[in-house]
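Before any comments, here is the structure.
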Amino acid sequence: MNISIHDMIWAIINFLVLVVILNKFLYKPLLGMLDARKQQIQNRLDEADAERSEAAKMKDEYSRQMQNAKEEAREIIGKAARLAEESKSGIIQDAKDEAAQIMKKAREEIGLEKEKAKAELRNEVASLAVMAAGKVLERSLQVQDHEKMIREFVQKAGDVS
Amino acid sequence: MFFATPAYAAEAAEHGAEHSQALFSIFGLQVSSVVTTMWGLMVLIILFSYLATKRMNKVPESRLQNFLEFVLESILELLTPIMGDEKLAKRYFPLLASFFILILASNYAGLLPGAGHLPGLQAPTSTLSVTAGFAVVVFFATHYYGLKTKGIKYFKHFVQPFPFLLPLNIIEEFVRPLSLSLRLYGNVFGEEMVVASLFALIPLFLPIPMMLLGILFGLVQAFVFTMLATLYISMATAEQH
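Line by line, the protein sequences give chains A and B. Numbering-wise, the first sequence is residues 0 to 160 according to numbering that gives the first Met the number 0. Numbering-wise, the second sequence is residues 0 to 240 according to numbering that gives the first Met the number 0.
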């Protein structure tokens with residue numbers, strides 16, 4: 000076997016030169032870029048993850064708030080219904096009371112009127128009776144003397160009626 | 000020619016090409032066809048690298064950038080399991096990836112038409128001189144990184160597991176570059192010899208299957224050389240032996 004020392008030295012020099020040049024023009028820029036890209040992708044993925052978990056948290060929060068709001072609304076509606084029920088019965092009670100009062104007053108008035116009418120009727124009947132009695136007896140009685148007697152009679156008649 | 004088969008000898012004589020002959024010399028160093036081929040390959044590799052990284056984009060748009068990203072990432076993925084972790088693999092990446100790229104290109108240069116016959120064009124890895132040069136780099140790099148990582152404790156591995164194995168361990172250190180260079184040279188040279196012989200028999204179509212295999216062999220040999228170099232450096236720099 001025959002080795003050319005010149006070729007061998009050239010091979011070593013060429014190789015070392017290639018290492019230096021490729022390191023500058025290929026390996027460093029390209030591997031650096033690959034690292035940067037990897038880092039960037041990793042960062043984006045991390046960000047996405049963080050955002051996703053944040054979104055999930057917010058969703059939970061919102062659904063919780065929604066739940067609360069619903070419950071609150073239900074409570075408010077229930078309270079309002081109860082209140083309405085209460086005021087309804089109150090109003091009805093008031094109206095009933097008022098109606099009863101009006102009826103009572105009306106009854107009282109009617110009673111009074113009745114009494115008044117009765118008294119008037121009694122007076123009327125008394126004078127009519129006097130007149131009738133006078134005619135029957137064909138004698139003019141002294142009104143003053145007999146009025147008392149007639150009034151008693153009418154009183155009795157009124158009590159009977 | 001070192002291993003001149005009859006067919007190849009006839010071929011060489013026909014073309015009158017004497018491959019390891021010096022074309023010219025620089026600073027007293029003779030420049031032969033393998034050296035000029037290596038230069039050509041280096042210019043191409045550097046040109047592609049420059050073009051690919053000139054307008055680099057995080058979202059790769061150029062095919063060249065895509066391709067080189069694929070190549071470098073594949074190499075890194077091969078080195079990482081041997082070195083243990085990606086940080087270590089990246090530390091020795093420039094050296095090891097350059098071996099892979101230059102050896103692969105050199106192997107494939109032998110498939111170019113006229114390679115080995117035209118002056119100034121010969122697969123660099125088809126001569127033992129070049130593969131020995133590469134192996135010498137591996138040899139020194141291994142011990143340099145070993146010493147740099149472990150300091151004086153690096154020499155302990157020569158007397159392990161038993162001190163009486165010292166001579167064997169030392170021989171092993173020298174057998175490694177020898178096996179590295181001979182394996183690479185033998186495979187590439189042998190493949191070229193077969194192609195040349197088949198070409199001498201029937202120039203048309205017959206060499207094609209062997210050339211297709213040459214594409215595979217070229218890749219495998221570049222791969223094997225790089226893996227072994229990685230393994231040697233990994234063993235030399237590992238914390239526990």
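Glycine included, each C-beta is placed from N, C-alpha and C at the ideal position. The model shown is predicted, which means the values in this text are computed figures rather than measured ones.
Tell me whether residue 131 of chain A sits in a helix, a strand or coil according to DSSP, three-state version. Along the first sequence, read from residue 1 onward, the residue named residue 131 of chain A stands at position 132. Residue 131 of chain A falls in the helix class under three-state DSSP.
Taking the alpha-carbon positions, what's the residue 38 of chain A to residue 113 of chain B distance? Position 39 of the first sequence holds residue 38 of chain A. Position 114 of the second sequence holds residue 113 of chain B. So the alpha carbons of these two residues sit roughly 47 Å apart.
Counting contacts by CB-CB distance shorter than 8 Å, is residue 101 of chain B in contact with chain A? Position 102 of the second sequence holds residue 101 of chain B. Chain A contact via Cβ: present.
Report yes or no: do the segment 39-55 of chain A and the segment 98-117 of chain B share at least 3 C-beta pairs separated by less than 8 Å? no
In whole angstroms, what separates the C-alpha of residue 12 of chain B from that of residue 199 of chain B? The count along the second sequence starts at 1 and reaches residue 12 of chain B at position 13. The count along the second sequence starts at 1 and reaches residue 199 of chain B at position 200. For residue 12 of chain B, the pLDDT reaches just 37, beneath the cut-off of 50, and the residue's location in the model is therefore unreliable, leaving the point undetermined.
As a quick exercise: from B/86, B/108, B/227 and B/168, pick the residue whose alpha carbon is nearest that of residue 214 of chain B. By 1-based counting over the second sequence, the position of residue 214 of chain B is 215. The residue with the shortest Cα to Cα distance from residue 214 of chain B is B/108.
Looking at residue 187 of chain B and the ligand MG, is the gap between the Cβ and the nearest heavy atom below 7 Å? No copy of the ligand MG occurs in the structure displayed, which carries no ligand at all.
Straight-line CA distance for residue 196 of chain B to residue 102 of chain B? Here the question's residue 196 of chain B lines up with position 197 in the second sequence. Here the question's residue 102 of chain B lines up with position 103 in the second sequence. Each residue's alpha carbon lies about 24 Å from the other.
Does the distance from the C-beta atom of residue 100 of chain B to that of residue 233 of chain B stay below 8 Å? As a first step, residue 100 of chain B must be located in the second sequence, where it is residue number 101. As a first step, residue 233 of chain B must be located in the second sequence, where it is residue number 234. No, these two residues do not count as a Cβ contact at 8 Å.
Within chain A, the residues that residue 55 of chain B reaches when beta carbons sit closer than 8 Å: Working through the second sequence from its first residue, we reach residue 55 of chain B at position 56. Chain A residues near residue 55 of chain B: 28, 29 and 32.
Exposed unless 16 or more other CB atoms sit within 10 angstroms - verdict on residue 217 of chain B: Walking along the second sequence from the start, residue 217 of chain B turns up at place 218. Buried.
Just reading off the beta strand (DSSP E) that residue 133 of chain B is part of, what are its end residues? Along the second sequence, read from residue 1 onward, the residue named residue 133 of chain B stands at position 134. First-last for residue 133 of chain B: 127-149, but that is the alpha helix (DSSP H), not the beta strand (DSSP E).
Please state if the CB of residue 157 of chain B and the CB of residue 168 of chain B are separated by a distance shorter than 8 Å. For the purposes of this step, residue 168 of chain B is taken as residue 169 along the second sequence, with counting starting at 1. For the purposes of this step, residue 157 of chain B is taken as residue 158 along the second sequence, with counting starting at 1. In contact: residue 168 of chain B and residue 157 of chain B (Cβ atoms closer than 8 Å).
Give me the DSSP bridge partner(s) of residue 23 of chain B. Start at 1 with the first residue of the second sequence, and residue 23 of chain B comes out as number 24. Per DSSP, B/30.
Pull up the distance between the alpha-carbon of residue 26 of chain B and that of residue 9 of chain A, whole angstroms please. Within the second sequence, residue 26 of chain B is the residue found at index 27, counting from 1. Within the first sequence, residue 9 of chain A is the residue found at index 10, counting from 1. So the alpha carbons of these two residues sit roughly 11 Å apart.
So what does DSSP say about residue 44 of chain A, is it helix, strand or coil? Sequence index remark: in the first sequence, residue 44 of chain A carries index 45 (1-based). The answer is helix: DSSP assigns residue 44 of chain A an H, G or I state.
Opening and closing residue of the alpha helix (DSSP H) in which residue 6 of chain A lies: Taking the first sequence and counting its residues from 1, one reaches residue 6 of chain A at position 7. Residue 6 of chain A -> alpha helix (DSSP H) spans 4-21.
Cutoff 8 Å; reference residue 51 of chain B; Cβ partners in own chain excluding five residues on either side: Here the question's residue 51 of chain B lines up with position 52 in the second sequence. Correct list, in chain order: 61, 63, 64, 66 and 67.
Give me the Cα-Cα distance between residue 32 of chain A and residue 57 of chain B, rounded to the nearest whole angstrom. By one-based count along the first sequence, residue 32 of chain A stands at place 33. By one-based count along the second sequence, residue 57 of chain B stands at place 58. Roughly 7 Å separates the two Cα atoms.
Chain-order list of residues whose beta-carbon lies under 7 Å from that of residue 186 of chain B (same chain, five-residue window excluded): Here residue 186 of chain B corresponds to residue number 187 of the second sequence, with the count starting at 1. Result list for residue 186 of chain B: 216 and 220, in chain order.
I need the DSSP call for residue 118 of chain B, collapsed to helix, strand or coil. Counting from one through the second sequence, the residue named residue 118 of chain B turns up at place 119. Three-state DSSP puts residue 118 of chain B in coil, outside helix and strand.
Given residue 131 of chain B, which residues of its chain have a CB within under 6 Å of its CB, disregarding the five upstream and five downstream residues? Taking the second sequence and counting its residues from 1, the one referred to as residue 131 of chain B is at position 132. For residue 131 of chain B, where only same-chain residues beyond five positions count, the Cβ hits under 6 Å are 180.
In three-state DSSP terms, what is residue 109 of chain B? The residue you call residue 109 of chain B lines up with position 110 of the second sequence. Looking at residue 109 of chain B - three-state DSSP - the assignment turns out to be coil, as it is neither helix nor strand.
Where residue 192 of chain B falls: helix, strand or coil (DSSP): By one-based count along the second sequence, residue 192 of chain B stands at place 193. Residue 192 of chain B: helix per DSSP, three-state reduction.
State yes or no: is the C-beta of residue 6 of chain A within less than 8 Å of the C-beta of residue 79 of chain B? Taking the first sequence and counting its residues from 1, the one referred to as residue 6 of chain A is at position 7. Taking the second sequence and counting its residues from 1, the one referred to as residue 79 of chain B is at position 80. Contact flag unset, no.
Counting only beta-carbon separations shorter than 8 Å, does residue 107 of chain B have a partner in chain A? Walking along the second sequence from the start, residue 107 of chain B turns up at place 108. Judged by the 8 Å Cβ criterion, residue 107 of chain B is not in contact with chain A.
CB contact below 8 Å: residue 255 of chain B versus chain A: Given a span of 0 to 240 for chain B in the structure shown, any question on residue 255 of chain B remains unanswerable.
Does DSSP classify residue 243 of chain B as helix, strand or coil? As shown, chain B starts at 0 and ends at 240. That puts residue 243 of chain B outside it, with no answer to give.
Among B/123, B/161, B/34 and B/235, the one whose alpha carbon lies nearest that of residue 148 of chain B: Counting from 1 along the second sequence, the entry for residue 148 of chain B is found at position 149. The shortest Cα separation from residue 148 of chain B among B/123, B/161, B/34 and B/235 belongs to B/235.
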